[in-house]
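**Q** Residue 84 is where the sequence shown ends in the UniProt record's numbering, and the numbering goes up by one at each step. We treat Cβ as the ideally placed atom computed from N, Cα and C, and that holds for glycine.
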Amino acid sequence: MDEFVVYILYSEKFKKNYTGFTSNLIERFKSHNLLEKKGYTLKFRPWVVIYVEFFNSKSEAMKREKYLKTGVGREFIKNLISKI
1 MDEFVVYILY SEKFKKNYTG FTSNLIERFK SHNLLEKKGY TLKFRPWVVI YVEFFNSKSE
61 AMKREKYLKT GVGREFIKNL ISKI
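1) Which of the three DSSP states, helix, strand or coil, is assigned to G73?
2) Any contact of the region 46 to 66 with the region 6 to 25, i.e. 3+ C-beta pairs under 8 Å?
3) Mapping DSSP to helix, strand and coil, what is N56?
4) Less than 7 Å between the C-beta atoms of E65 and F14, yes or no?
5) Give the DSSP-derived three-state secondary structure of F14 in the structure shown.
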């Protein structure tokens with residue numbers, strides 16, 4: 001069975017965060033920090049993983065990612081960052 005991960009990255013240098021989901025967190029993290037040649041995360045390297053949640057289905061992970069991008073979800077992330 002596949003496992004899906006919702007993750008939050010944080011760039012201390014630029015005070016930015018990024019929320020996404022994947023089925024392979026290690027490879028996705030490497031992509032954000034080393035491999036990508038274009039996109040949002042390229043501009044704000046280096047990233048650190050500050051939060052992860054695991055899900056049994058892609059649809060559950062997508063739903064949680066979408067929630068974390070709402071106003072309430074952004075407050076949750078802001079609170080996480082304040083504890084770093």
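**A** Looking at the atomic coordinates:
1) Position 73 of the sequence shown, counted from the start, is the residue given in the question as residue 73. In the three-state scheme derived from DSSP, where H, G and I count as helix and E and B as strand, G73 is classed as helix.
2) As far as the Cβ criterion goes, the region 46 to 66 touches the region 6 to 25, which means the pair count is three or higher.
3) Stepping through the sequence shown from its first residue, residue 56 is reached at position 56. Here DSSP, grouped into helix, strand and coil, assigns N56 to coil.
4) Here residue 65 refers to the residue found at position 65 of the sequence shown. Here residue 14 refers to the residue found at position 14 of the sequence shown. Taking the C-beta atoms as reference points, F14 is found no nearer than 7 Å to E65.
5) Here residue 14 corresponds to residue number 14 of the sequence shown, with the count starting at 1. F14 falls in the coil class under three-state DSSP.
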